[in-house]
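Reviewing the structure listed below.
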Amino acid sequence: MNLSFWLNGKLCNDEVEPGMMLLELLRTKGCYSVKCGCETSNCGLCTVLMDDRPVLSCSVPALRAEGKKIVTMEGMQKEAEEFGSFLADEGAEQCGFCNPGFIMNIFAMERELTDPTEEEIQEYLAGNLCRCSGFVGQTRSIRKYLAYKESQKKEGIRE
Amino acid sequence: MLKIKNYVKVKSIAEAYELNQKKSACVLGGMIWLKMGNRNVSTAIDLSGLGLDTVQEREDEFHIGCMTSLRDLETNAALNEFTQGAVRESLRHIVGVQFRNCATVGGSIFGRYGFSDVLTMLLALDTWVELHHAGRIPLAEFAQMKKDRDILEAVIVKKTPQQSVYLSQRNTETDFPVLTCAVSLCGGRARTVIGARPGRAKIVEDPDGILNGLTEMPETERTGAVQKFAEYAAEHTTFGSNMRASEEYRKLLAEVLVRRAWETLGGMKR
Amino acid sequence: MNYVSRPVRKKDAMALVTGKPVYTNDLAPKDCLIVKLLRSPYANAWVEEIRTDNASRVEGIAAVFTYKDVPQNRFTLAGQTYPELSPYDRLIMDPHLRYVGDTVAIVAGETEDAVDKALKRIKVKYRVEEPVLDMHKAKDGPILVHPEDNWEAKVPVGADNRRNLCASAVEESGDVDKILSECAYTVDQTYHTKANQQTMMETFRTYCYMDYFGRLNVVSSTQIPFHVRRILGTALDIPSSKVRVIKPRIGGGFGAKQTSISEIYPAFVTWKTGRPSKILFSRYESQISGSPRHEMEIRVRAGADENGIVRALDVYTLSNGGAYGEHGPTTVGLSGHKAIALYRHTEAYRFAYDVVYTNVQSAGAYRGYGATQGIYAVESAVNELAHKMGMDPVKIRELNMPVQGGPLPAYDGVCKTAASCTMDQCMERAKEMMNWDEKYPCRDMGNGKVRGVGVAMAMQGSSIAGIDVGGASVKLNEDGSYTLGLGCADMGTGCDTILAQMAADCLETPLDNIVVFGVDTDISPYDSGSYASATTYATGTAVVNACRELREKICSLGALMLESDPANVDFDGEYVYAGENKVSLRDIAVRGTCGNTQELQVTQTYSSPISPPPFMVGMAEVEIDKETGSAKVVDYVAVVDCGTPINPNLVRVQAEGGIAQGIGMALYEDIQYSKKGVIRNNSFMQYKIPTRLDIGDICVEIKGSYEPSGPFGAKSVGELVIDTPCPAITEAIYNATGVRVRELPATAEKIAMGMLKNRLEK
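Residue numbers (the numbering used here), protein chains in the order written: chain L, 193 to 351; chain G, 143 to 412; chain C, 35 to 796.
Put into structure tokens, the structure is as follows:
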């Protein structure tokens, strides 16, 4: 069946099988940052943005992307580098396999929550599992990143 | 694995209803539960193009489209104000934000799952379901029905004045619940719902009127009534065992959660 | 020194955080055949008849294999140095199916759809037999898991397939019974730990292809590339010279990938069909057919005198190996050795064990490797002993803990004393961080919650003494950069980076001037792999030695260029000096490529005769709901002695990650079986690992000692850090509620029911 959607800012037209999930389609289209970690919608590794909202691409039928804007980490390389530097400075990226889904959800959180408390951050990201870091290093990096973004914003206002 | 032969994004509910009369057809909700199954679906019916994905506040009710995501329900300001945050509390433990952006209210309610937080919560409110064929029926009635080929269009929460409290016990913060409990004073009537027993959520009646006039009782009497009802509820509900907990523990929990919920609602506890 | 002890970024960090395609499935060729397995629905059954013709006829199916097609050499999938201590009890496929999930058939096809269809069309007639699922009934029981005649234990470890024994032994020193009888205080308790899954985010996966030399190339997510090379040679009955193993970036291992779980299947398919193929284990398959932690039941008898000196320890471990013996004989050893050695005054000890075969999922290696289980048991017993004596559990440890220069009873017979140890400082600092004296034993929070604190010590090893081999090759490139070739497997831990930090300091060069390469068994120096907490210590020493030798070679060529005697030159990383004259590294490097006869490349191999233990203290503060029994770790403090921390950031994250895994093991991770031996926790929906909402504050500090035998004074850290949560958390629960949980996990239900029982007994 024909599917037309926006992938990382580009309009795509694809012929897809009726049962195909978005995750599979994205990987065949070269978005290898999108990982699969389970079959039960529990790990968050496959998180992408669909019309700015974080979704599990393993659970979205590809055909539901019709007309929607899908963004993967391939489309947010600069932002990924920016946040990723904070994560890397904690050594909390570790094996890296959960990073893309986790970082995409941070971007979604930034969009949805203003000035989130630590509790709100933890709750927003609860669906992103990580087995290496024990999470605390990730939290440190988020705190530092948000403070940095805040200071950038303030500088922007001053200028 | 789930195999889908045809995928139809329907133009109307009527079309969906017609397609769904075949046993091998299937209405897609959030796909979370469905995709884990091992089934061959001849026609997958997608309702996502029908604009049924919003919560609309009307004069006397909330109209929740079947394709409304659990996340939208969770963050709906009006509904949460109406339920004093109980709706949010019933949803925020479900896996994660991305999961709740995918899972739909229709899928959760139509499935009538034993573990369902949503079903437990909505049973405590004056909730109705709107079915394409059978029309509007109370959720409590729908919850007892066998699954059929009808289409669930919307869930309606009547604005019957109420207060409600939601509590759940989980082994980890985002796991399925070990037990769920929602209580409400809905139109002046006390209602208690216990779910994840692990069977489907059930309304526990108060035939002896233990909780009658709860809010007007003096403090000590209120405490006694709540305790008495909590014991009654635990005693008069059937529980079972599964890998998350035993029947015995669920019974113990039920008494604690029912008591705490009523204590909170009765203003004895924050 | 510029880089060692500094928290530098991992060299691969930016590729990982930007989602670059660096993992096995990102790299697999598009035309790979998809390989899937038909798995046994029964815990103990025989394939009486199997028909694959209908399956083979499905369009797009390239091959269907059954037990009839595979070589008959038994082997083990354990990633261990040859001859392995794990018994040779496997075939690629066997008509005898020994657990639910055992392989019945291999199907390879063009598409996943075709393979799924073919799997359904294989017709199997099973002869179902009674399984042995209870580990207590396995030894000398009527049901044999491995009745076959060609079962073989390569090394005498007390194994006997006719008795369902994978290993069995008794180690004794002194007269335990006599000393125990003299002790003023004794405890005799049994502790039970369950199987746990490593649940690395990247499941088991491998792809294979044939190259132009007719060799089998295997790209796999593994911790043990060189062992995989050997295992595949044996399993496929081909010379290992025909096998090349490559490890790309891997998405976590924690020991799971110290067993060759997925490699044999695509390897067999590609070898037979000549076509590239890949297998991706689903999470479901990883849960039911992986290599989880050994379930262990450990009886501890401990005795102390009236002053609190622990004089005797008697430990008996019953370990459940499951259907196959991978890591069975070795993990069990640590359950005694690493636990008893925590008590330096022990005059007599006995450590006995049986590792049994049963018809459940085969166990394997999981971070901690038996020490986690043993330390939970012994530390719990010592906590119980302290309560019997009315002594603070911190105090009893202060009296008995390992000290620098002090003995390590039962440790391994080689490392008799602790050359480096700051356990006393770790304890002191942990006490401060936890505010122990104020919080012990518990505080009622006044809102229906009570908070208790608990303590535990731990130790592990640093490589397997006299066995593990670390390898490093360093070469100077034409442009003055260095390439560090490694055979150990970075699985996200950052060993590629920390080994480069060491090399940079040895060679006095910027970290960016070092290219790290690994792992390709054709090119990398031999290394036994990343396990047994070996990499920093053993491979690190190989790196230091290789760099030292390369410096000599650089000096030697520099001296030649300066027309000086090599003995009279100096090298500062940039220039070689001979008195007033100097020549740059760059010029030496160029000279190395022109008319040169001295190789500027060194390979060094290192194996340590000892395995110096790292030490640690962990303290937990747990909040318990007095009615529901819900337990939450609100605070965890840990102080670690890993020798010199080469990269403090990575040490800290190792500790935080290990503690989080330990919290999961302590409170909810549990593999449960149905009565027929089917795993119920077969997904992330049913097997719950901690999320970020389940972990309280974890605070880690390092009190490094200096290990004289280690590179830059380093010891290990990776495994140690999972050992304290189970005993510390269960102790905190006891201090808060009076409920002693001796069977993990300590669920809310166990705590609530325990409190209820205590109330009724009062």
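No residue lacks a Cβ here, since even glycine has one placed at the ideal position from N, Cα and C.
Nearest candidate by alpha-carbon position, reference C:M461, set C:V38, C:V734 and C:L71: C:V734
G:K165 to G:R291, Cα distance in whole Å? 8 Å
Neighbouring residues, chain L, relative to G:S154 (Cβ below 9 Å): Correct list: empty, because the minimum Cβ distance to chain L is about 17 Å.
Using a C-beta to C-beta distance shorter than 7 Å, which residues of chain C count as neighbours of G:Y391? E783, A786 and M787
Hey, out of G:Q369, G:T217 and G:C208, whose CA is closest to G:V297's CA? G:C208
Cutoff 7 Å; reference C:V303; Cβ partners in own chain excluding five residues on either side: L67, V69, A97, I140, A142 and S311
Does G:N148 have its Cβ less than 7 Å from a Cβ in chain C? no
Taking the straight line between their C-alpha atoms, what separation do you get for G:R213 and G:T196? 11 Å
Please report the distance separating the alpha-carbon of L:L317 from that of G:M263. 24 Å
Closer than 7 Å between beta carbons: that is the criterion. Which residues of the stretch 245-261 of chain L meet it against chain G? R245, P246, V247, L248, S251, V252, P253, L255 and R256
Please report whether the beta-carbon of C:A766 lies at a distance below 7 Å from any beta-carbon of chain L. no
Hey, G:E405 and G:V346: beta-carbon distance below 7 Å or not? no
Go ahead and pull the three-state DSSP assignment for G:A245. coil
Who are the near neighbours of C:T451 in its chain, counting only those whose CB is closer than 7 Å to its CB and skipping five residues on each side? G439, G440, P441 and L442
What does C:E93 reach in chain L if we use C-beta pairs closer than 8 Å? In chain order: nothing, as chain L lies at least about 16 Å away.
Candidates C:A397, C:K791, C:N769 and C:P682: which alpha carbon is nearest C:V355's? Note on residue identity: the sequence assigns Gly, not Val, to residue 355 of chain C. Among C:A397, C:K791, C:N769 and C:P682, the Cα nearest to that of C:G355 belongs to C:A397.
Rounded to the nearest angstrom, what separates C:M653 and C:R431 at their Cα positions? 13 Å
On a Cα-Cα basis, can you pick out the residue from G:V229, G:S310, G:L189 and G:L353 that is closest to G:F204? G:V229
Chain C partners of G:K369, CB-CB under 8 Å? Checking the sequence, you will find Gln at residue 369 of chain G rather than Lys. The premise fails here: G:Q369 is roughly 12 Å from chain C at the closest Cβ pair, so nothing lies under 8 Å.
Between the stretch 715-734 of chain C and the stretch 318-330 of chain C, do three or more beta carbon pairs fall short of 8 Å? yes
Measuring straight from C-alpha to C-alpha, what distance separates C:Y640 and C:A499? 11 Å
Close beta carbons around L:G326, own chain, < 7 Å, minus the five adjacent residues each side: none
Counting pairs of Cβ atoms below 8 Å between the stretch 573-591 of chain C and the stretch 654-663 of chain C, do you hit three or more? no
Taking the alpha carbon of C:N792 as the point to measure from, which residue in C:I313, C:V773 and C:P176 has its own alpha carbon closest? C:V773
Rounded to the nearest angstrom, what separates L:N320 and C:T233 at their Cα positions? 14 Å
Option nearest L:I298 by Cα separation, candidates L:G222, L:L217, L:S251 and L:S333: L:S333
If you drop the 5 nearest sequence neighbours on each side, which residues of the same chain put their C-beta closer than 7 Å to that of G:T365? M410
Count the other CB atoms, across all protein chains shown, that sit within 10 Å of the CB of G:H235; report buried if there are 16 or more and exposed otherwise. buried
Same chain only: Cβ atoms within 6 Å of L:K260, ignoring 5 sequence neighbours per side: F197, M242 and D243
Counting Cβ pairs closer than 8 Å, one from the stretch 619-628 of chain C and one from the stretch 717-732 of chain C, do we hit at least three? no
Taking C-beta pairs closer than 8 Å, name the residues in chain G that C:Q720 reaches, listed in chain order. M385
Mind checking L:A300: buried by the 16 CB within 10 Å criterion, or exposed? buried
Interface residues of the stretch 239-256 of chain G facing chain C [CB-CB below 9 Å]: none
When L:E285, L:V263 and L:C235 are compared against L:C250, the one with the closest alpha-carbon: L:C235
Would you please state the rounded distance, in angstroms, between the beta carbons of C:C522 and C:S564? I believe it to be under 8 Å. 5 Å
According to the Cβ coordinates, are C:C676 and C:K737 closer than 7 Å? no
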